[in-house]
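In the numbering used here, the protein residues as written are 1 to 324.
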């Protein structure tokens, strides 16, 4: 195990493993000191020194420099002690973690490649669904944009934001089992037809779960019509039983659905859509999600597209004013 002893930035001693790792004999190390072997431009160094001064010991990842000039990552444990001569000294146990970092970078690159592949596949599915139902063309894409913005504003991690966007982009995949003429019907649906439509979250889940996705997209699709008070479908879930990401998707879906034209009604407009979620905040929709969505539109000027600045008049409620 590479081991060095230092005092006030000077290297007092180093074992053979440390000399081999750094490519220098111990005499050279004594001459060049700490700043000759530790990358002083590493932004983590100052924090590590401060932590050690405060607690007497610190473990941190830093960058060191070989005799060849090569910089390499290390895991370093630094401990302050008092020597037999009464002087305060520091022992350093250093581990070269180059191989581990290489594996981590390769894994990260592979994960990113898979993520991009998944996103591309979902985009293709979304386009296919939209070509089948021209009246909802762009609906999923707009919901994806709003849901992703809400997730981001709420401080969800980047991976979770991406997952929300992807799920939103195919949240109506279950409608592929619904006859096209039913989706485009210019009049209100019958009770039987409505029940058929309401099967689409379950159908979407059944389709997506076969893919065994690494993120809970299938579950979000299944839950995007659930409501806090248990009045949603298909499972009648309540409150904490519903994924936060699905609740974000639910609010975005409602807002976009109300703001857009459908074959059986004109658009209600953004104002009416925001009134709907504000009126039912905490009863149907997650209060934090609603607050974030309202702030996006009212304070940050979010728009699905430029045409939305001219709202349509509010008309009597129709079948998907809550995002069917």
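Note that beta-carbon positions come from the ideal geometry of N, C-alpha and C, so glycine has one too.
C-alpha distance - residue i paired with residue j, whole-angstrom precision
| i | j | result |
| --- | --- | --- |
| residue 276 | residue 224 | 17 Å |
| residue 322 | residue 46 | Unreliable positioning characterises residue 322 in this predicted model, as indicated by a pLDDT of 48, which lies under 50. The coordinate reading is nonetheless provided below. Rounded to the nearest angstrom, the two C-alpha atoms are 54 Å apart. |
| residue 282 | residue 228 | 7 Å |
| residue 146 | residue 274 | 13 Å |
| residue 167 | residue 217 | 5 Å |
| residue 269 | residue 112 | 38 Å |
| residue 187 | residue 278 | 28 Å |
| residue 179 | residue 207 | 17 Å |
| residue 17 | residue 7 | 20 Å |
| residue 144 | residue 1 | 51 Å |
| residue 101 | residue 42 | 16 Å |
| residue 108 | residue 55 | 34 Å |
| residue 325 | residue 263 | This structure cannot speak to residue 325, because the chain is shown only from 1 to 324. |
| residue 141 | residue 97 | 43 Å |
| residue 219 | residue 119 | 17 Å |
| residue 255 | residue 284 | 13 Å |
| residue 49 | residue 72 | 19 Å |
| residue 162 | residue 213 | 14 Å |
| residue 210 | residue 204 | 10 Å |
| residue 304 | residue 231 | 28 Å |
| residue 23 | residue 33 | 14 Å |
| residue 235 | residue 226 | 7 Å |
| residue 244 | residue 10 | 54 Å |
| residue 5 | residue 12 | 5 Å |
| residue 265 | residue 138 | 17 Å |
| residue 176 | residue 70 | 57 Å |
| residue 189 | residue 238 | 27 Å |
| residue 117 | residue 104 | 20 Å |
| residue 233 | residue 182 | 20 Å |
| residue 242 | residue 286 | 10 Å |
| residue 121 | residue 302 | 27 Å |
| residue 298 | residue 165 | 22 Å |
DSSP state of residue i mapped onto helix, strand, coil
| i | result |
| --- | --- |
| residue 110 | helix |
| residue 15 | coil |
| residue 308 | Summary for residue 308: the model assigns pLDDT 42, below 50, so the residue's position carries little reliability; its value from the coordinates is reported in the next sentence. Three-state result, residue 308: helix. |
| residue 90 | strand |
| residue 227 | coil |
| residue 265 | strand |
| residue 30 | helix |
| residue 258 | helix |
| residue 4 | strand |
| residue 52 | helix |
| residue 238 | strand |
| residue 215 | coil |
| residue 283 | coil |
| residue 10 | strand |
| residue 115 | helix |
| residue 253 | helix |
| residue 20 | helix |
| residue 275 | helix |
| residue 96 | strand |
Range of the contiguous alpha helix (DSSP H) that encloses residue i
| i | result |
| --- | --- |
| residue 72 | Segment 71 to 82 is the beta strand (DSSP E) holding residue 72; no alpha helix (DSSP H) there. |
| residue 163 | 158 to 169 |
| residue 292 | 287 to 298 |
Residue range of the unbroken beta strand (DSSP E) whose run includes residue i
| i | result |
| --- | --- |
| residue 61 | 57 to 65 |
| residue 149 | Looking at the DSSP string, residue 149 is not in any beta strand (DSSP E); the run it does join, the alpha helix (DSSP H), is 139 to 153. |
(Q) I'd like to know if the segment 135 to 154 and the segment 187 to 198 are in contact, where contact means that at least 3 CB-CB pairs between them fall below 8 Å. (A) No: fewer than three Cβ pairs fall under 8 Å.
Q: For the segment 171 to 213, list the alpha helix (DSSP H) runs that are entirely contained and at least 4 residues long, ordered along the chain.
A: Contiguous alpha helix (DSSP H) elements confined to the segment 171 to 213 occur at 180 to 183, 191 to 197, 200 to 209, taking only those with 4 or more residues.
Q. Does the count of Cβ pairs from the segment 115 to 134 and the segment 42 to 62 closer than 8 Å reach three?
A. Short answer: they don't touch.
Q: Determine, using beta-carbon pairs with one atom in the segment 60 to 75 and one in the segment 24 to 38, whether at least three such pairs fall under 8 Å.
A: Counting Cβ pairs under 8 Å, three or more are found: they touch.
Q) Taking contact to mean at least 3 C-beta pairs separated by less than 8 Å, is the segment 110 to 128 in contact with the segment 85 to 98? A) Flag = no, the segment 110 to 128 and the segment 85 to 98 do not touch.
Q) Does the count of Cβ pairs from the segment 168 to 178 and the segment 246 to 254 closer than 8 Å reach three? A) With a cut-off of 8 Å, the segment 246 to 254 and the segment 168 to 178 count as touching, because enough Cβ pairs lie within range.
Q: Decide if the segment 69 to 80 is in contact with the segment 89 to 108; the criterion is three or more beta carbon pairs, one per stretch, under 8 Å apart.
A: As far as the Cβ criterion goes, the segment 69 to 80 touches the segment 89 to 108, which means the pair count is three or higher.
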